[in-house]
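Numbering (my numbering), first residue to last: 39 to 733.
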């Protein structure tokens, strides 16, 4: 097989490019005149499209060549053999031939040295960011780095916008005014849940928000990121009279994440609403005004059109004074750039997310790029000495009921010149929360080893647990463990409350005045509690331990318990997940629900905060079974117990980020099903996304 055909087929068969990318490469290479150069251009495009699919907006030569390394090719061959045993791998010999790698490496080196070799397809980055870009940009400062113009331009815009916001101070604020705002929000008679409810770093995050227009609040699950958002907003509207609640917007990359953040703010304000009034009537009224904050997806905020253009941009800025972005790890490079370019120069930007979670599906890992400098420092310090001294003045003003100081920002100091240099311009613009209030200590310990890439430490921590521990490793082969998990969590006893919903009256759910409203709601609460108690998470869709196969096992085991004799695609009591956004129904990609039999046939019930919504199956396209979900789809969710299923073969999906994300979906218990070697490989492998913005 010819090298070009082998390369294209290999990348397509292994899912490293999709069908549209193949067509794009074939069409775009025709802009090069010479027939031989067209072949080289097509190979170059295929490799850059594959790098883009792996999340790299601008890739160095080594990253472009990585799919051709023997280890990576073998992983893909093993995965294909496991998932498609009858597939004939015609490209194997050509792709694994060292001469093939050498030929492609020589091509990449030639283009890196001579950016106009494949002109007009390739060329150098223009001096002016507003100038015309070639389709495929060859970097000048980053020697050999290549990327498509859209992403190159986005990275440049992001660098410029963040640099401006880091340089611009938000205006003068006296220490007295700042301290009064912090004390009013966090003081022992004013906080939401008692004097010990907020950790030092949460109070410090609110203090930092008074000092900068660009703030990152990161931390693992259960560290209080969304809770502290409420406190930051309360602090800002106390310290700055000009900030109005109706000019604050909560947004997120997905509708589900947007809804969760809004629900968290609502719960916090509900607590304030029922408590006896403290402080002035004006402060209380402004606090309660936060309950009506605007909530939008980032796409909705920017009004992104079908062609990718936006209503709001550099020439038509957003009017918001504060923009809060939750689940920021899921925001891609181009969306981040569009947001910052559209935000007013004096707008405060608050990014909230877990820096260790899986990055965005699209190219870029902006939150990871911004926080990576702090990730390797013991204790995650983020403040300069000057910033820490100022913050300490404020946090120490928060006192316990005894009157003694309880908060101190000293642990946040970048204490060595090396730390200061590594933090760079982001010193005093980030806060990493480390105190978790959700998962067990065992889960947190193993997760920390995973994040640091210490597979030996993680395996020791797991092995040191007894059989009933919060973290365990099941190395058995076959589907038996999956079936056992399903039958344990969805036992006849646990499913009684689900069976009781058969022929449920939908009016009783939606009409608060219906005589059976309370009883029906109670049944739904119990049924959803069963499903929230556990979830099976997988890495892949295909294979014996992929999402589809495991949901097939669940169908065989649970359908007879819940909907005996049913031959329908969906059955009563089935867990389902949406695969696309349905804005008109206020439902979003990743929302999970339960199928119920009602008088009019099968319906799907979704729980949205404090309420339930019911929809007919015919209104819900892209609905799939969800007793098992991929880790990607489960981001932002939490369950009491999780069975994390690893592939039975060496897979490119095995990375420490996906293991960490799967582990931290569990609050009480997680069982990892997979070979020890597979887990070790995942922890030792970090998913890198080179070519993002440089700060």
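Where is the CB? At the ideal position from N, CA and C, for every residue including glycine.
query                                                                                                                           : result
4-residue-minimum alpha helix (DSSP H) runs that sit fully inside the region 48-102, ordered along the chain                    : 57-66 and 73-91
Inter-stretch contact at 8 angstroms, needing at least 3 Cβ pairs: the region 73-84 / the region 355-372                        : no
Proximity to residue 404 [Cα-Cα], best of 704, 265, 727 and 564                                                                 : 727
Close-in-space but distant-in-sequence residues of the same chain around residue 411 (CB under 8 angstroms, 5 per side omitted) : 460, 461, 462 and 464
Beta-carbon proximity check, residue 331 vs residue 303, cutoff 8 angstroms                                                     : yes
Bridge partner(s) assigned by DSSP for residue 650                                                                              : 645
Supposed contact pair residue 375 and residue 196 - C-beta distance, whole angstroms, cut 8 angstroms                           : 4 angstroms
Sub-8 angstroms separation of residue 652 and residue 540 beta-carbons                                                          : no
Closest residue to residue 279 among 299, 215 and 492 (Cα-Cα distance)                                                          : 215
Other residues of its chain near residue 64: CB distance less than 7 angstroms, five sequence neighbours each side excluded     : 80
Buried versus exposed, by CB contacts within 10 Å (16 or more), residue 161                                                     : buried
Cross-strand partners of residue 550 (DSSP beta bridge)                                                                         : For residue 550, which the question treats as bridged, DSSP gives no partner whatsoever.
Reference residue 61, options 74, 73, 84 and 41, closest by Cα                                                                  : 84
C-alpha distance - residue 333 paired with residue 549, whole-angstrom precision                                                : 26 angstroms
Whole-number beta carbon distance between residue 96 and residue 189, since they are thought to touch under 8 angstroms         : 7 angstroms
Beta carbon of residue 260 nearer than 8 angstroms to that of residue 477                                                       : yes
Bridge partner(s) assigned by DSSP for residue 635                                                                              : 640
Given 8 angstroms, three or more beta-carbon pairs between the region 362-380 and the region 395-403                            : yes
Range of the contiguous alpha helix (DSSP H) that encloses residue 519                                                          : 518-527
The region 704-712 in contact with the region 595-604 per 3-pair CB rule at 8 angstroms                                         : no
At least three beta-carbon pairs within less than 8 angstroms, the region 561-578 to the region 660-671                         : yes
Integer Cβ distance of residue 200 from residue 289, believed to fall under 8 angstroms                                         : Not confirmed; about 18 angstroms, so no contact.
Which of helix, strand or coil DSSP assigns to residue 440                                                                      : With a pLDDT of 42 at residue 440, under the threshold of 50, the modelled position of that residue is not reliable, and the figure given next carries that caveat. Of the three classes helix, strand and coil, the one that applies to residue 440 here is coil, per DSSP.
Between the CA atoms of residue 382 and residue 729 - distance to the nearest angstrom                                          : 26 angstroms
Local Cβ density within 10 Å of residue 149, reported as buried at 16 or more and exposed below that                            : buried
Buried versus exposed call for residue 238 [16 or more other C-beta atoms within 10 Å across all chains shown]                  : buried
Nearest to residue 697 (by Cα), restricted to the options 656, 496, 276 and 475                                                 : 496
Residue closest to residue 285, alpha-carbon to alpha-carbon, out of 306, 271 and 298                                           : 271
Residue 408 versus residue 89 - alpha carbon distance                                                                           : 21 angstroms
With 16 other Cβ atoms within 10 Å as the buried cut-off, status of residue 420                                                 : buried
Counted within 10 angstroms of its Cβ, other Cβ atoms place residue 73 as buried (16 or more) or exposed                        : exposed
Cα-Cα separation, residue 536 to residue 581                                                                                    : 30 angstroms
Inter-residue CB distance, residue 695 and residue 394 (contact presumed, cutoff 8 angstroms)                                   : 7 angstroms
Beta bridge counterpart(s) of residue 351 as assigned by DSSP                                                                   : 354
Residue 348 versus residue 340 - alpha carbon distance                                                                          : 6 angstroms
Test item: CB-CB of residue 220 and residue 435 under 8 angstroms                                                               : yes
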